[in-house]
Amino acid sequence: MRRHEIAGQAADLAGPIATRMGLEVVDVELVGAGRRQILRVLVDRDGGASVGDCARLSEALSRELDLYDLPMQSYTLEVASPGLDRPLRRLADFVRFSGRTVAVTTHEPQEGQRRFRGRLLGLVDGRVAVRLDDGREIRLDHEAIAQARLVVQMTDLREDLKRSERPPERAGRWG
Numbered sequence: 001m002r003r004h005e006i007a008g009q010a011a012d013l014a015g016p017i018a019t020r021m022g023l024e025v026v027d028v029e030l031v032g033a034g035r036r037q038i039l040r041v042l043v044d045r046d047g048g049a050s051v052g053d054c055a056r057l058s059e060a061l062s063r064e065l066d067l068y069d070l071p072m073q074s075y076t077l078e079v080a081s082p083g084l085d086r087p088l089r090r091l092a093d094f095v096r097f098s099g100r101t102v103a104v105t106t107h108e109p110q111e112g113q114r115r116f117r118g119r120l121l122g123l124v125d126g127r128v129a130v131r132l133d134d135g136r137e138i139r140l141d142h143e144a145i146a147q148a149r150l151v152v153q154m155t156d157l158r159e160d161l162k163r164s165e166r167p168p169e170r171a172g173r174w175g
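When the letters of the sequence shown are read in order and numbered with UniProt numbering, they come out as residues 1 to 175.
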């Protein structure tokens, strides 16, 4: 069985468990080879997934994976938050993060290039729209995108803090 098929099965198992915990599965991937395979599950929620959220999901998902018996020899389960530079995979991600800066790589060249960076405009006529740093606007079919990630910028972080329902955690006792 191929990696993406195994990751898909794991995602099917993780989704309902995460939903019950108030989490959203952002991505599931299987990386590595042999005894060093890692089944990576990225989860999020409004306001961000905590370490405790990840630990609880890891424990519950681990039990479910043991029962289901995925076609892998040995692997390490890793449950984590997608981070500030999170990947964008689903069409809903491109809508949710509209207005943010993104880096996009396509499978094949589009307008003579494969790598693009700019402000995500969301979906326009079912295609991912990005206003590039040079002012041009490009629209890409979802299937043409090999990888898309948020780009961390201070202005985005400030906006996220304003929208956050909880105050930022302070580091150290002098924070």
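Beta carbons are placed, not taken as given, at the ideal position from N, Cα and C, and that holds for glycine. Predicted, not measured: the structure shown is a model, and the values here were computed from it.
Straight-line Cα distance separating residue j from residue i
i: residue 176; j: Glu-108; result: The shown model of the chain, from 1 to 175, leaves out residue 176, and the question about it has no answer.
i: Ser-58; j: Asp-93; result: 23 Å
i: Asp-85; j: Glu-143; result: 21 Å
i: Gly-8; j: Glu-137; result: 33 Å
i: Thr-105; j: Ser-98; result: 17 Å
i: Arg-117; j: Leu-132; result: 6 Å
i: Met-154; j: Val-102; result: 14 Å
i: Gln-37; j: Ser-74; result: 7 Å
i: Cys-54; j: Val-31; result: 19 Å
i: Glu-169; j: Gly-47; result: Caution applies to Glu-169, whose pLDDT of 49 falls short of 50 and renders its modelled position unreliable; the model cannot decide the point.
i: Leu-121; j: Arg-96; result: 10 Å
i: Ala-10; j: Leu-70; result: 8 Å
i: Val-51; j: Gly-15; result: 18 Å
i: Ala-33; j: Tyr-68; result: 21 Å
i: Pro-82; j: Val-26; result: 7 Å
i: Asp-141; j: Arg-119; result: 17 Å
i: Ala-148; j: Arg-90; result: 10 Å
Residue i - partner residues in DSSP beta bridges
i: Phe-116; result: Val-104
i: residue 220; result: With the chain represented from 1 up to 175, any question about residue 220 goes unanswered, as that position is not in the structure.
i: Tyr-68; result: Looking at the DSSP assignment, Tyr-68 forms no beta bridge with any residue, so it has no partner.
i: Glu-29; result: Arg-40
i: Ala-80; result: Leu-42
i: Gln-110; result: Gln-113
i: Leu-61; result: None; Leu-61 has no bridge partner.
Residue i, enclosing beta strand (DSSP E) - first and last residue
i: residue 232; result: One cannot answer for residue 232 here, as it falls past the ends of the chain, which runs 1 to 175.
i: Gln-147; result: 145 to 150
i: Asp-12; result: Element bounds for Asp-12: not the beta strand (DSSP E) but the alpha helix (DSSP H), 3 to 20.
Beta carbon of residue i nearer than 8 Å to that of residue j
i: Leu-77; j: Leu-88; result: no
i: Ile-17; j: Met-72; result: no
i: Arg-139; j: Ala-146; result: no
i: Arg-100; j: Leu-39; result: no
i: Leu-23; j: Val-43; result: yes
Own chain partners of residue i with C-beta closer than 7 Å, once the 5 adjacent residues on each side are dropped
i: Ala-171; result: Only weak support is given to the placement of Ala-171: the predicted model assigns it a pLDDT of 48, under 50, and the question is left unresolved by the model.
i: Val-152; result: Leu-84 and Asp-85
Contacting residues, own chain, Cβ-Cβ under 6 Å from residue i (five flanking each side not counted)
i: His-4; result: none
i: Ala-60; result: Ile-17
Delimiting residues of the alpha helix (DSSP H) encompassing residue i
i: Asp-93; result: 91 to 96
Cut-off 8 Å between Cβ atoms - residues of its own chain near residue i, not counting five sequence neighbours on either side
i: Asp-125; result: Arg-139
i: Arg-45; result: Gly-22, Leu-23, Glu-24 and Asp-53
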